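**Q** For the sequence shown, the numbering used here assigns the number 31 to the initial residue and increments by one for each residue that follows. For each residue, glycine too, the CB sits at the ideal point set by N, CA and C. Since the model is a prediction, treat every value here as computed from it, not as a measurement. Got a structure for you, written out below as structure tokens; questions coming shortly.
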Amino acid sequence: MGTAGGRAATRWVAAQCREMPWLTAGTALCTVAGAALQVVPVLLLGRVVDGVTAGEPRSELAVLGIWLVAAALLGAAATAASTYLIGRLGAELLARLREGAVHAVLGMPSARIEQVGRGDVLSRVGDDVAVLSKGIRMAVPTVFSAGVLVVVATGGMFGLDWRLGLAGAAALPAYALALRWYLPRSAPLYRRQRAAQADRAQALISGLDGIETVRAYRLEEAFRAKVTHESARVRDLGIEVFRFFGRFVGRENRAEFIGLGLIIVVGYALLEADAATLGEVAAVPLLFHRLFNPLGAILFTFDEAQKSGASLTRLVGVLGESDGQRLVGDPSAARPGAAEAAAAPHPAAYPVTVRGLTYRYPDTDEPVLHDVDLTIPAGGSLALVGATGAGKSTLAALIAGIGTPDSGTVRIGATDLAALDGAASRRLVGILTQETHVFSGTLAEDLRLAAPAATDAELLDALRTVDAGAWAESLPDGLDTAVGEGGERLDATRVARIALARLILGGAPVVVLDESTAEAGSAGAAELERAVAAACRGRTTLLVAHRLTQAMAADRIAVLDAGRVVEQGTHEELVALGGRYARLWQAWREGSWTS
């Protein structure tokens, strides 16, 4: 999966800030005010020194003292408000980024997720979000407020005496050289660290997912060695990051020494020449020394800021996946009236029309679908048949509204699916894949994910439709029985029936089934296919066939090969044609008889 560049990440942050103008403006205003008020006491202290030297009355010095205390108190209040607002702005940005990344991942075709690796995906939406969240709480407020304070304090030094300001500014080349040495080397190093963590996650997931196979072939040592190797790589990169950062801090300390030394030397010369007051010469070193804390804070949180920056670019890269695919839900794709049409009451079924559909995955040149044309009449069914990699699941995902084609259209009735947002498309098209899942909670809660307002009677009716009503009623607590992790143990057939019941409750007039009975095994396949037929009765149905008996039961069959529709017709027509489907049918029958 791609990683966004620094400019792309900055543009994303700027665009989000423009959508929150009051919060952004308030944050900037409080931060600048807090920085300015922190500089004022130092300036007033210099004025007190001049007053004492000139023998001014104590009353005037007392007034200066009152102003100094007031500025300190106001500065503390402004700094507190700035810290709160920076945190709130950061939390808003993080929430938008996290939700956008999860939306993009949930919208990816399963083939794309397998292509980039589930470890990388989980690392981005899990680890990278955690790193960025920590950075927003700790590093971002510190770096932003300290950076503003540095600018304001530098302006104060020049305001007191430009020559003393130039003496302090002479340290800037040393700072710049340190940053120029550090930044180009650190960003790739942090990206390597985040990528190594993703590889470690992928190694762990692959071993855990295939734990039975690992044990059967006695591959425990091999997988342990792989995880150990990836963990060692993460550890070594962490040590390298820390060592590299330590060298950077040393260069910054040398810059501080150069700046403070020059200010003291120039100040002494100005006093000798009577070209500056004692108060000015005293205030400028204090102002420069005042920069040590914010600069130190920036340095000691820069490590976290760099990690956050690397995570930000990876998460914006996830958003780039959805930009590349123009996922359903992209506001720029919406056409006037489309959402209203989707929200209107649906008939029992809609026709599905696919015209000139071509699609390629991001970062690939060769399309996985080429100029596909299909039509499914309202209430009819079409089965997709083809070898692995023919494009069946990709085509099914596009018809379900997951992803937008490079060219061509998918229409549900008269509505172009690309014009709808995610919620509107889900009201029109329901999808069920072979990787069904039961969420932790009660059975009723799991079913109500599809229909939050459904009554218990409606839940039981949906279960009875797929021959699961008697089983549900026999559970210890009925619909209130806990299922999923830590709950009632469910075999693959019952999991599939629950998923079918959710499909019924969702009420979509168009249904896409992507090998939805593949996990049931041969023993439960026939019963489950009857449940699928009951769930889809009266709905327009697209079926990715795992067994040719499923294809035979469909009204029509489309055969895909290398992303192209090479045959279409009924089962009888395609068998009589003697083409690719007929050969698949013959091979399947021979395999069935042999078994």
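Whose C-alpha, out of 521, 159, 443, is nearest the C-alpha of residue 467?
**A** As a position in the sequence shown, residue 467 is number 437, starting the count at 1. It is 521 whose Cα lies nearest to the Cα of residue 467.
**Q** Compare the C-alpha of residue 79 against each of 609, 481, 313 and name the closest.
**A** Position 49 of the sequence shown, counted from the first residue, corresponds to residue 79. Measuring from the Cα of residue 79, the nearest candidate turns out to be 313.
**Q** Let me know the secondary structure DSSP gives residue 389 once reduced to three states.
**A** By 1-based counting over the sequence shown, the position of residue 389 is 359. In this structure, residue 389 counts as strand in the three-state DSSP scheme.
**Q** Could you give the distance in angstroms between the alpha-carbon of residue 487 and the alpha-carbon of residue 426?
**A** Position 457 of the sequence shown, counted from the start, is the residue given in the question as residue 487. Position 396 of the sequence shown, counted from the start, is the residue given in the question as residue 426. When rounded, the distance between both Cα atoms is 32 Å.
**Q** Assign residue 448 to buried or exposed, taking buried as 16 or more other Cβ atoms, counted over all protein chains shown, within 10 Å of its Cβ.
**A** For this step, residue 448 is matched to residue 418 along the sequence shown. Classification for residue 448: buried.
**Q** What are the boundary residues of the beta strand (DSSP E) that includes residue 595?
**A** Within the sequence shown, the letter at position 565 stands for residue 595. Run containing residue 595: 594-599, per the beta strand (DSSP E) assignment.
**Q** Pick out whichever of 617, 534, 420 has its Cα sitting closest to the Cα of residue 591.
**A** To locate residue 591, count along the sequence shown from 1; it is residue 561. Minimum Cα distance to residue 591 is reached at 420.
**Q** My output table needs one value for residue 355: the three-state DSSP class, helix, strand or coil.
**A** Your numbering for residue 355 matches position 325 in the sequence shown. Here the model assigns residue 355 a pLDDT of 45, short of 50, so the residue's position is not dependable and the matter cannot be decided.
**Q** Indicate the three-state DSSP secondary structure (helix, strand or coil) for residue 441 in the structure shown.
**A** Translated into positions along the sequence shown, residue 441 becomes position 411. Strand.
**Q** Since residue 587 is in the alpha helix (DSSP H), which residue starts that stretch and which ends it?
**A** The sequence position of residue 587 within the sequence shown is 557, counting from 1. Residue 587 -> not in any alpha helix (DSSP H); beta strand (DSSP E) instead, spanning 586-591.
**Q** Whose CA, out of 341, 335, 400, lies closest to the CA of residue 228?
**A** Residue numbering aside, residue 228 sits at position 198 when the sequence shown is read from its first letter. Nearest option by C-alpha distance: 341.
**Q** Mind listing, in chain order, the continuous alpha helix (DSSP H) runs of no fewer than 4 residues lying wholly within the stretch 249-297?
**A** List check, alpha helix (DSSP H) in window: nothing returned.
**Q** Around the C-beta of residue 474, are 16 or more other C-beta atoms found within 10 angstroms, so that it is buried, or is it exposed?
**A** Indexing the sequence shown from 1 puts residue 474 at position 444. Counting Cβ neighbours within 10 Å, residue 474 comes out buried, since at least 16 surround it.
**Q** Which stretch, first to last residue, makes up the alpha helix (DSSP H) that contains residue 429?
**A** The residue labelled residue 429 in the question sits at position 399 within the sequence shown. Its alpha helix (DSSP H) spans residues 422-429.
**Q** What are the boundary residues of the alpha helix (DSSP H) that residue 216 is part of?
**A** Reading the sequence shown from its first residue, position 186 is the one you call residue 216. First-last of the alpha helix (DSSP H) with residue 216: 202-239.
**Q** For residue 462, which three-state DSSP category applies?
**A** In the sequence shown, counting from the first residue as 1, residue 462 sits at position 432. Correct three-state label for residue 462: strand.
**Q** Check for me: the alpha helix (DSSP H) holding residue 19 runs from which residue to which?
**A** Examination of residue 19 is not possible in this model, given that the chain is present from 31 through 625 alone.
**Q** DSSP three-state call for residue 450: helix, strand or coil?
**A** For the purposes of this step, residue 450 is taken as the residue at position 420 of the sequence shown. Reduced to three states, the DSSP call for residue 450 is coil.
**Q** If you draw a straight line from the C-alpha of residue 84 to the C-alpha of residue 42, how long is it?
**A** Working through the sequence shown from its first residue, we reach residue 84 at position 54. Working through the sequence shown from its first residue, we reach residue 42 at position 12. Each residue's Cα considered, the two are about 56 Å apart.
**Q** Does the distance from the CB of residue 124 to the CB of residue 60 come in under 8 Å?
**A** If you number the sequence shown from 1, residue 124 lands on position 94. If you number the sequence shown from 1, residue 60 lands on position 30. Result no, Cβ atoms of residue 124 and residue 60 do not sit closer than 8 Å.
**Q** Using alpha carbons as the reference points, say which of 290, 523, 471, 324 lies closest to residue 493.
**A** Locating residue 493 in the sequence shown gives position 463, where the first residue counts as 1. Per the Cα distances, 523.
**Q** Measuring CA to CA, which of 387, 394, 86, 567 is closest to residue 429?
**A** Start at 1 with the first residue of the sequence shown, and residue 429 comes out as number 399. For the residues 387, 394, 86, 567, the minimum Cα distance to residue 429 belongs to 387.
**Q** If you draw a straight line from the alpha carbon of residue 599 to that of residue 464, how long is it in whole angstroms?
**A** Your numbering for residue 599 matches position 569 in the sequence shown. Your numbering for residue 464 matches position 434 in the sequence shown. Distance between the alpha carbons of residue 599 and residue 464 is about 25 Å.
**Q** In terms of alpha-carbon separation, which member of 269, 233, 73 lies closest to residue 252?
**A** One-based indexing of the sequence shown puts residue 252 at position 222. Ranking 269, 233, 73 by Cα distance to residue 252 puts 233 first.
**Q** If you run the structure through DSSP and keep just helix, strand and coil, what is residue 44?
**A** Position 14 of the sequence shown, counted from the first residue, corresponds to residue 44. If DSSP states are grouped into helix, strand and coil, residue 44 belongs with the helices.
**Q** In whole angstroms, give me the CA-to-CA distance for residue 433 and residue 155.
**A** Taking the first residue of the sequence shown as 1, we reach residue 433 at position 403. Taking the first residue of the sequence shown as 1, we reach residue 155 at position 125. Going from the Cα of residue 433 to the Cα of residue 155 covers about 19 Å.
**Q** Which two residues bound the contiguous beta strand (DSSP E) that contains residue 405?
**A** Position 375 of the sequence shown holds residue 405. Counting along the chain, the beta strand (DSSP E) containing residue 405 begins and ends at 399-406.
**Q** Quick check on the DSSP output: the alpha helix (DSSP H) that includes residue 509 runs from which residue to which?
**A** For this step, residue 509 is matched to residue 479 along the sequence shown. Where residue 509 is concerned, there is no enclosing alpha helix (DSSP H), given that its DSSP letter is neither H nor E.
**Q** Might you give, ordered along the chain, the residues of its own chain that have their beta carbon closer than 6 Å to the beta carbon of residue 525, omitting 5 neighbours on each side?
**A** For the purposes of this step, residue 525 is identified with residue 495 of the sequence shown, where counting begins at 1. Taken in chain order, the residues that qualify are 466, 468.
**Q** Between residue 208 and residue 88, which are expected to be in contact by the criterion C-beta below 8 Å, what is the C-beta distance as a whole number of angstroms?
**A** Within the sequence shown, numbered from 1, the residue matching residue 208 stands at position 178. Within the sequence shown, numbered from 1, the residue matching residue 88 stands at position 58. Not quite, the Cβ-Cβ distance comes to about 46 Å (not below 8 Å), so this is no contact.
**Q** Assuming contact is defined by CB atoms lying nearer than 8 Å, are residue 477 and residue 567 in contact in what I supplied?
**A** Taking the sequence shown and counting its residues from 1, one reaches residue 477 at position 447. Taking the sequence shown and counting its residues from 1, one reaches residue 567 at position 537. Against a cut-off of 8 Å, the Cβ pair of residue 567 and residue 477 comes out as no contact.
**Q** Are there 16 or more other CB atoms within 10 angstroms of the CB of residue 607, so buried, or fewer, so exposed?
**A** For the purposes of this step, residue 607 is identified with residue 577 of the sequence shown, where counting begins at 1. Exposed, by the Cβ-count rule.
**Q** How many angstroms separate the CA atom of residue 395 from the CA atom of residue 273?
**A** Mapped onto the sequence shown, residue 395 falls at position 365. Mapped onto the sequence shown, residue 273 falls at position 243. Taking the straight line from one Cα to the other gives about 42 Å.
**Q** Can you find the residues in the same chain that come closer than 6 Å, C-beta to C-beta, to residue 462, ignoring five residues on each side of it along the sequence?
**A** Position 432 of the sequence shown, counted from the start, is the residue given in the question as residue 462. Answer for residue 462: 529, 533, 543, 546, listed in chain order.
**Q** Judging by CA-CA distance, which residue of 241, 256, 278 is the nearest neighbour of residue 215?
**A** The residue you call residue 215 lines up with position 185 of the sequence shown. Out of 241, 256, 278, 278 has the C-alpha closest to the C-alpha of residue 215.
**Q** I'd like the list of long-range same chain contacts for residue 439, defined as Cβ closer than 6 Å, with 5 residues on each side in sequence excluded.
**A** Within the sequence shown, numbered from 1, the residue matching residue 439 stands at position 409. Closer than 6 Å at Cβ, skipping near neighbours: 385, 446.
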